[in-house]
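Chains S and W, in that order, are what the protein sequence lines are. Take my numbering: the last position of the first sequence gets the number 59, and nothing is skipped along the way. Take my numbering: the last position of the second sequence gets the number 386, and nothing is skipped along the way. Where a beta carbon is used, it is the ideal one built from N, C-alpha and C, also for glycine. Predicted model, so just to flag it, every value in this text is computed and none were measured.
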Amino acid sequence: MSAGRGFPGSARVWGVRGGCAHVAYGQLFALGPDAEVVAPAGLRERIAEAARRMADRYA
Amino acid sequence: MRAARLIKMVLLLQSRPSMTAGELARELEVSERTVTRDAQALSEAGVPVYADRGRAGGYRLIGGYRTRLTGLARGEAEALFLSGVPGALREMGLEDAASAARLKVSAALMPSLQGASRTAAQRFHLDAPGWFQEPRTPELLPAVADAVWDDRVVRARYRRSAEEGAREVERKLEPYGLVLKAGVWYLCARVAGGGAHRVYRIDRFTGVVAGEERFERDEEFDLPGFWAERAEEFARSILRAEVVLRLSPAGIRRLPHVIEPASVAAARESAGEPDGQGWVTVTVPVESEEVAYGQLFALGPDAEVVAPAGLRERIAEAARRMADRYA
Numbered sequence: 001m002s003a004g005r006g007f008p009g010s011a012r013v014w015g016v017r018g019g020c021a022h023v024a025y026g027q028l029f030a031l032g033p034d035a036e037v038v039a040p041a042g043l044r045e046r047i048a049e050a051a052r053r054m055a056d057r058y059a
Numbered sequence: 060m061r062a063a064r065l066i067k068m069v070l071l072l073q074s075r076p077s078m079t080a081g082e083l084a085r086e087l088e089v090s091e092r093t094v095t096r097d098a099q100a101l102s103e104a105g106v107p108v109y110a111d112r113g114r115a116g117g118y119r120l121i122g123g124y125r126t127r128l129t130g131l132a133r134g135e136a137e138a139l140f141l142s143g144v145p146g147a148l149r150e151m152g153l154e155d156a157a158s159a160a161r162l163k164v165s166a167a168l169m170p171s172l173q174g175a176s177r178t179a180a181q182r183f184h185l186d187a188p189g190w191f192q193e194p195r196t197p198e199l200l201p202a203v204a205d206a207v208w209d210d211r212v213v214r215a216r217y218r219r220s221a222e223e224g225a226r227e228v229e230r231k232l233e234p235y236g237l238v239l240k241a242g243v244w245y246l247c248a249r250v251a252g253g254g255a256h257r258v259y260r261i262d263r264f265t266g267v268v269a270g271e272e273r274f275e276r277d278e279e280f281d282l283p284g285f286w287a288e289r290a291e292e293f294a295r296s297i298l299r300a301e302v303v304l305r306l307s308p309a310g311i312r313r314l315p316h317v318i319e320p321a322s323v324a325a326a327r328e329s330a331g332e333p334d335g336q337g338w339v340t341v342t343v344p345v346e347s348e349e350v351a352y353g354q355l356f357a358l359g360p361d362a363e364v365v366a367p368a369g370l371r372e373r374i375a376e377a378a379r380r381m382a383d384r385y386a
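Below, the structure written as structure tokens:
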């Protein structure tokens, strides 16, 4: 894991080296609204889709 | 010191057909000149050490000079060499004893069993700590292990957990046994003079002094049985709240990855009939709503918290914010 340039407040961009997209999905989804996957696009879309379905379920 | 080195030299020579002076010097951590003098001393003492001269020369024992252990089966010999176990022995300060024991057994094994050490160590290895956990050997572990071996009473200073106020207490303990669980060492001990056995994390000891006083072990005490009982009690004791949850088939499969085995077992027992989409409603014991939030959010759209209402609302709000972030 490597830290990028810091942003105002506490937000930071991190480069995370992962071995498996499935594992990364589980680990990063668990961070909830406190994290946003920027890339890869496939993982971002998978998390976005799961978040939408989850929000709908609790609507 | 020299006597110990001479014995070690004999045992090394018993374990191999022959060794060069250089090899012996490295193993014994002495000079080759000292090896020569030691071989001479052994010879004078009647040990049949023979020196082969020349470039390919070395030292060997002649006439089948060896101590034989009888009644040791190949499986038992192999078990002595499981390579991760010496790591735990090293942490307890028993590395030298373990090395000496392995050397003696190697030296004394029948020729047909001589490969046992390599066989086991190359096929089985114990690496006890979990992934991503740096194993740290508590500084006082060797002192505690010594006391356990000798049934000696110890005076110990112990830092209680944060929940118990994190204050230091002093206890006079009868140390019964050590347990290595997921990379963490624990002492099972009884307060001197009676009372129930309790469990202490070794890394919370801040001082341990063993005197000459010995205690008489309760022969009824069974360390593996005691530990299994305590581990189960502990797992139950931390689960103080309950969550009612709906789970999809994928959520059912993933549940064991996010909550404790005792909670999974309780959920399984409480599961109702699956609905048309295969969703089931379960009741899950959890440590607290705070902990459950982190555990259950990870199940994403494959779980829905039904109760308590506060936890449901917290997860619903987080899901809305997350969906907005990715919109």
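Need the endpoints of the alpha helix (DSSP H) that S:D34 sits in, please. The residue given as residue 34 of chain S occupies position 34 in the first sequence. Note, S:D34: premise wrong, no alpha helix (DSSP H); not H, not E.
Kindly indicate if chain W contains any beta-carbon less than 8 Å away from that of S:A41. Residue mapping note: residue 41 of chain S aligns to position 41 of the first sequence, counting from 1. No, no contact with chain W.
Residues of chain S with CB under 8 Å from W:R384, in chain order? Walking along the second sequence from the start, residue 384 of chain W turns up at place 325. Within chain S, the residues near W:R384 are P33, E36, A51.
Through-space distance from W:A294 to S:R52, alpha-carbon basis: The residue given as residue 52 of chain S occupies position 52 in the first sequence. The residue given as residue 294 of chain W occupies position 235 in the second sequence. Looking at the two C-alpha atoms, the distance is approximately 35 Å.
Nearest-angstrom beta carbon gap, W:V317 and W:A357 [assumed within contact, 8 Å]: As a first step, residue 357 of chain W is located in the second sequence; it is residue number 298 there, counting from the start. As a first step, residue 317 of chain W is located in the second sequence; it is residue number 258 there, counting from the start. 5 Å between Cβ atoms; contact.
Hey, is the region 358 to 371 of chain W in contact with the region 298 to 318 of chain W, meaning 3+ C-beta pairs nearer than 8 Å? yes
Taking a cut of 7 Å between CB atoms, which residues from the region 300 to 318 of chain W lie near chain S? none
If W:V213 sits next to W:A269, beta carbons under 8 Å apart, how far is it from one beta carbon to the other, in whole angstroms? As a position in the second sequence, residue 213 of chain W is number 154, starting the count at 1. As a position in the second sequence, residue 269 of chain W is number 210, starting the count at 1. The pair is a contact, with the Cβ atoms about 5 Å apart (cut-off 8 Å).
Coarse secondary structure for W:V106, derived from DSSP in three states: Against the second sequence, residue 106 of chain W aligns to sequence position 47. Residue state, collapsed to three classes: coil.
Chain-ordered residues of the region 329 to 361 of chain W with a beta carbon less than 8 Å from chain S: G353, F356, A357, G359, P360
Checking contacts by CB at 8 Å: is W:I374 closer than that to chain S? On the second sequence, position 315 is the one that residue 374 of chain W refers to. Yes, its Cβ sits closer than 8 Å to a Cβ of chain S.
Within 8 Å, strictly: CB atoms of W:L65 and W:A100: Residue 65 of chain W sits at position 6 when you count from the first residue of the second sequence. Residue 100 of chain W sits at position 41 when you count from the first residue of the second sequence. Contact: yes.
Here's a check: name, in chain order, each residue in its chain whose Cβ is nearer than 7 Å to the Cβ of W:E86, leaving out the five neighbours to either side. Locating residue 86 of chain W in the second sequence gives position 27, where the first residue counts as 1. The residues are L71.
Where does W:L282 land, buried or exposed, given buried means 16+ other C-beta within 10 angstroms? To locate residue 282 of chain W, count along the second sequence from 1; it is residue 223. The residue in question, W:L282, is exposed, as its Cβ has fewer than 16 Cβ neighbours within 10 Å.
Measure how close the beta-carbons of W:A300 and W:A351 come, nearest whole angstrom, since I'm counting them as under 8 Å. The sequence position of residue 300 of chain W within the second sequence is 241, counting from 1. The sequence position of residue 351 of chain W within the second sequence is 292, counting from 1. Right, their Cβ atoms sit about 7 Å apart.
Is it true that the CB of W:M381 sits closer than 8 Å to the CB of S:G32? By 1-based counting over the first sequence, the position of residue 32 of chain S is 32. By 1-based counting over the second sequence, the position of residue 381 of chain W is 322. In contact: S:G32 and W:M381 (Cβ atoms closer than 8 Å).
Simplified DSSP state of W:L128, which is helix, strand or coil: In the second sequence, counting from the first residue as 1, residue 128 of chain W sits at position 69. Confidence in W:L128 is poor, its pLDDT being 43 and thus under 50, which makes the residue's placement unreliable; the coordinate value appears in the next sentence. In this structure, W:L128 counts as coil in the three-state DSSP scheme.
Rounded separation between W:D284 and W:E349 - CA only: Here residue 284 of chain W refers to the residue found at position 225 when the second sequence is read from its first residue. Here residue 349 of chain W refers to the residue found at position 290 when the second sequence is read from its first residue. Residue identity differs from the one stated: residue 284 of chain W is Gly in this sequence, not Asp. Answer to the nearest angstrom: the Cα atoms are 33 Å apart.
List, in chain order, every chain S residue whose beta-carbon is nearer than 9 Å to that of W:E363. For the purposes of this step, residue 363 of chain W is identified with residue 304 of the second sequence, where counting begins at 1. Here the neighbours are M54, R57, Y58.
Chain W contact residues for S:A24, given Cβ-Cβ distances below 8 Å: To locate residue 24 of chain S, count along the first sequence from 1; it is residue 24. Neighbours of S:A24 on chain W: none; closest Cβ ~13 Å, over 8 Å.
Along the chain, where does the beta strand (DSSP E) containing W:E363 start, and where does it finish? As a working mapping, residue 363 of chain W is identified with position 304 in the second sequence. W:E363 -> beta strand (DSSP E) spans 362 to 366.
Nearest-angstrom Cα separation, counted from W:Y235 out to W:R276: On the second sequence, position 217 is the one that residue 276 of chain W refers to. On the second sequence, position 176 is the one that residue 235 of chain W refers to. Roughly 8 Å separates the two Cα atoms.
Are the C-beta of W:R379 and some C-beta of chain S separated by less than 8 Å? As a position in the second sequence, residue 379 of chain W is number 320, starting the count at 1. So, interface residue.
Straight-line CA distance for W:S312 to W:A63? Taking the first residue of the second sequence as position 1, residue 312 of chain W is located at position 253. Taking the first residue of the second sequence as position 1, residue 63 of chain W is located at position 4. This sequence places Arg at residue 312 of chain W; Ser is not what is there. Whole-angstrom Cα-Cα distance: 58 Å.
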